[in-house]
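>
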Amino acid sequence: MNLAEQCETFFQYLQSERQYSDHTLKNYRRDIQTFLSYCQQQTIDDFSKLDSAHIRQFIAARHRQGLGGRSLQRVLSSLRSLFHFLNKQLLLSKNPAKGVRAPKSPRKLPEVMTVDELDQLLMMKGDDVLVLRDKAVMELMYGCGLRLSELVTLDVINVERKQQILNVTGKGNKQRQLPFGRKAAEALDNWLKVRSQLAEIKETAVFVSKRGTRLKQSSIQQRLKKWAIKQGLNSDLYPHKLRHSFASHILESSGDLRAVQELLGHENLSTTQIYTHLDFQHLAKVYDDAHPRARKHNKK
Numbered sequence: 501m502n503l504a505e506q507c508e509t510f511f512q513y514l515q516s517e518r519q520y521s522d523h524t525l526k527n528y529r530r531d532i533q534t535f536l537s538y539c540q541q542q543t544i545d546d547f548s549k550l551d552s553a554h555i556r557q558f559i560a561a562r563h564r565q566g567l568g569g570r571s572l573q574r575v576l577s578s579l580r581s582l583f584h585f586l587n588k589q590l591l592l593s594k595n596p597a598k599g600v601r602a603p604k605s606p607r608k609l610p611e612v613m614t615v616d617e618l619d620q621l622l623m624m625k626g627d628d629v630l631v632l633r634d635k636a637v638m639e640l641m642y643g644c645g646l647r648l649s650e651l652v653t654l655d656v657i658n659v660e661r662k663q664q665i666l667n668v669t670g671k672g673n674k675q676r677q678l679p680f681g682r683k684a685a686e687a688l689d690n691w692l693k694v695r696s697q698l699a700e701i702k703e704t705a706v707f708v709s710k711r712g713t714r715l716k717q718s719s720i721q722q723r724l725k726k727w728a729i730k731q732g733l734n735s736d737l738y739p740h741k742l743r744h745s746f747a748s749h750i751l752e753s754s755g756d757l758r759a760v761q762e763l764l765g766h767e768n769l770s771t772t773q774i775y776t777h778l779d780f781q782h783l784a785k786v787y788d789d790a791h792p793r794a795r796k797h798n799k800k
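Heads up: the sequence shown begins at 501 in this note's numbering, then just goes up one per residue.
(1) Please work out which residues of its chain come closer than 7 Å, Cβ to Cβ, to residue 597, disregarding the five sequence neighbours upstream and downstream, and give them in chain order.
(2) Using the Cα positions of residue 707 and residue 695, report the straight-line distance between them to the nearest angstrom.
(3) Taking the alpha carbon of residue 660 as the reference point, which residue from 612, 673, 692 has its own alpha carbon closest?
(4) What residue does the beta strand (DSSP E) around residue 665 start on, and which one ends it?
(5) Give me the Cβ distance between residue 670 and residue 650, rounded to the nearest whole Å; I'm assuming they're in contact under 8 Å.
(6) With a cut-off of 8 Å on the beta carbons, I'd call residue 562 and residue 572 a contact; round off their distance for me.
(7) Could you work out which residue in 612, 540, 585, 509 is closest to residue 752 when comparing CA atoms only?
(8) Just to confirm the assignment, what range does the beta strand (DSSP E) spanning residue 676 have?
(9) Pull up the distance between the alpha-carbon of residue 682 and that of residue 564, whole angstroms please.
(10) State whether the region 501–513 contacts the region 527–541, with contact taken as three or more CB pairs (one from each stretch) at a distance under 8 Å.
(11) For a test of the three-state rule: what should DSSP assign to residue 597, helix, strand or coil?
(12) Could you give the DSSP three-state label for residue 655: helix, strand or coil?
(13) Taking all protein chains shown into account, do 16 or more other C-beta atoms lie within 10 angstroms of the C-beta of residue 768, making it buried, or fewer, making it exposed?
(14) Note the first and the last residue of the continuous alpha helix (DSSP H) segment covering residue 640.
(15) In the DSSP assignment, find the unbroken alpha helix (DSSP H) run with residue 693 in it and report its ends.
(16) Are there 16 or more other CB atoms within 10 angstroms of the CB of residue 726, so buried, or fewer, so exposed?
(17) Alpha carbons only, please: which of 714, 622, 593, 516 is nearest the one belonging to residue 729?
(18) Kindly indicate which residue of 526, 529, 746, 557 has the alpha-carbon position closest to the one of residue 541.
(19) Would you mind stating whether residue 618 and residue 678 have Cβ atoms separated by less than 9 Å?
(20) Could you check if residue 519 is buried or exposed, using at least 16 other CB atoms within 10 Å of its CB as the buried criterion?
(21) Which class does residue 611 belong to by DSSP, given the choice of helix, strand or coil?
(22) Look at the alpha carbon of residue 610 and the alpha carbon of residue 745, and state the distance between them as a whole number of angstroms.
(23) Relative to the alpha-carbon of residue 715, which residue among 544, 566, 722, 652 has its alpha-carbon at the smallest distance?
(24) Report the option in 509, 546, 517, 719 whose CA atom is closest to the CA atom of residue 672.
(25) Could you tell me the distance, in whole angstroms, from the CA atom of residue 770 to the CA atom of residue 545?
(26) With burial defined as no fewer than 16 other Cβ atoms inside 10 Å of the residue's Cβ, what is the status of residue 713: buried or exposed?
Structure, rendered in structure tokens:
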């Protein structure tokens with residue numbers, strides 16, 4: 501089995517057993533295929549010939565090509581996963597990427613919306629079927645902190661309306677239950693009453709397109725941008741911004757980082773901790789605006 505065939509076996513494993521999303525699989529393929537090109541240039545035809553020096557050389561080359569720290573960390577993660585899989589398949593006896601670190605880069609804080617901006621966005625008028633659908637989409641995304649992939653894969657059977665709970669399938673096919681509030685419940689009810697006007701008879705998806713089939717991620721992205729402009733928002737709107745806003749607002753109100761981690765479906769608490777920086781920024785602004793020793797007085 502040559503290098504490309506070993507990698508293809510790994511990709512099939514990620515798709516069939518780990519059930520990774522198409523987006524995640526695309527990233528793995530891109531990272532690993534770039535590494536295969538490097539191996540070809542170095543005349544390496546067997547992964548057992550690799551050591552940590554080769555991995556560092558590859559990462560350094562990608563860094564010189566302009567790849568930032570976070571992207572390089574993702575590349576290393578892809579390679580570690582590949583080699584770990586080959587170890588388990590007894591096709592490799594070591595993991596040459598283990599212990600290799602990417603250069604650090606400043607962590608970019610996620611963009612969030614204010615509560616006023618969200619109120620402005622969700623104050624949508626009209627009883628047109630697409631308006632009702634889009635409002636339910638945004639209310640659920642913000643109300644539950646859903647990933648875009650989690651929203652589009654949501655089926656009607658996953659909604660427990662009386663208990664106001666969604667049964668969501670997240671990354672790595674992991675299941676979690678999410679509560680949703682009164683506003684999201686109202687928007688969802690209004691949509692489900694008219695869903696049959698669009699949905700094909702056998703369609704199981706909660707959200708469907710004008711053609712009656714499951715709504716695509718790209719369609720939701722386009723609709724959000726359209727609504728942001730229509731509702732007079734100056735900032736760009738994308739699905740993950742609603743998820744970031746959900747997390748930031750919950751943490752700001754509760755201070756419970758573990759609860760936010762569980763609601764978001766993060767495997768590691770370190771991923772959730774980025775929102776504590778946002779919360780600190782908010783507190784710092786409140787302090788600057790309110791504390792007598794922090795306020796800037798106008799010169800007379």
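Beta carbons are placed, not taken as given, at the ideal position from N, Cα and C, and that holds for glycine.
In short, the structure shows the following:
(1) Within the sequence shown, the letter at position 97 stands for residue 597. The residues are 555, 576, 579, 580, 583.
(2) Your numbering for residue 707 matches position 207 in the sequence shown. Your numbering for residue 695 matches position 195 in the sequence shown. Straight-line Cα distance between these residues: approximately 8 Å.
(3) As a first step, residue 660 is located in the sequence shown; it is residue number 160 there, counting from the start. Residue 660 has its Cα closest to that of 692, out of 612, 673, 692.
(4) In the sequence shown, residue 665 corresponds to position 165, counting from 1. Residue 665 -> beta strand (DSSP E) spans 665–669.
(5) Translated into the one-based positions of the sequence shown, residue 670 becomes position 170. Translated into the one-based positions of the sequence shown, residue 650 becomes position 150. The Cβ separation is near 6 Å, so the contact holds.
(6) Position 62 of the sequence shown holds residue 562. Position 72 of the sequence shown holds residue 572. Taking the Cβ atoms as the reference, residue 562 lies roughly 6 Å from residue 572, within the contact range of under 8 Å.
(7) Position 252 of the sequence shown, counting from 1, holds the residue named residue 752. Considering only alpha carbons, the answer is 612.
(8) Along the sequence shown, read from residue 1 onward, the residue named residue 676 stands at position 176. Element bounds for residue 676: 675–679.
(9) Start at 1 with the first residue of the sequence shown, and residue 682 comes out as number 182. Start at 1 with the first residue of the sequence shown, and residue 564 comes out as number 64. The alpha-carbon atoms of residue 682 and residue 564 are separated by roughly 51 Å.
(10) yes
(11) For the purposes of this step, residue 597 is taken as residue 97 along the sequence shown, with counting starting at 1. Reduced to three states, the DSSP call for residue 597 is coil.
(12) If you number the sequence shown from 1, residue 655 lands on position 155. Strand, per DSSP.
(13) As a working note, residue 768 is residue 268 in the sequence shown. Looking at its Cβ environment, which holds fewer than 16 other Cβ atoms inside 10 Å, residue 768 is exposed.
(14) Along the sequence shown, read from residue 1 onward, the residue named residue 640 stands at position 140. Residue 640 -> alpha helix (DSSP H) spans 629–644.
(15) By 1-based counting over the sequence shown, the position of residue 693 is 193. Residues 682–694.
(16) Residue mapping note: residue 726 aligns to position 226 of the sequence shown, counting from 1. The residue in question, residue 726, is exposed, as its Cβ has fewer than 16 Cβ neighbours within 10 Å.
(17) If you number the sequence shown from 1, residue 729 lands on position 229. For the residues 714, 622, 593, 516, the minimum Cα distance to residue 729 belongs to 622.
(18) Taking the first residue of the sequence shown as 1, we reach residue 541 at position 41. Considering only alpha carbons, the answer is 557.
(19) Residue numbering aside, residue 618 sits at position 118 when the sequence shown is read from its first letter. Residue numbering aside, residue 678 sits at position 178 when the sequence shown is read from its first letter. The answer is no: Cβ separation not under 9 Å.
(20) Numbered from 1 along the sequence shown, position 19 holds the residue referred to as residue 519. It counts as exposed.
(21) Taking the sequence shown and counting its residues from 1, the one referred to as residue 611 is at position 111. Residue state, collapsed to three classes: coil.
(22) Sequence index remark: in the sequence shown, residue 610 carries index 110 (1-based). Sequence index remark: in the sequence shown, residue 745 carries index 245 (1-based). Approximately 9 Å between the Cα atoms of the pair.
(23) Working through the sequence shown from its first residue, we reach residue 715 at position 215. With distances taken between Cα atoms, residue 715 lies closest to 652.
(24) Here residue 672 corresponds to residue number 172 of the sequence shown, with the count starting at 1. The residue with the shortest Cα to Cα distance from residue 672 is 517.
(25) If you number the sequence shown from 1, residue 770 lands on position 270. If you number the sequence shown from 1, residue 545 lands on position 45. Cα to Cα, the separation comes out at about 37 Å.
(26) Walking along the sequence shown from the start, residue 713 turns up at place 213. Classification of residue 713: exposed, given that the 10 Å Cβ count is below 16.
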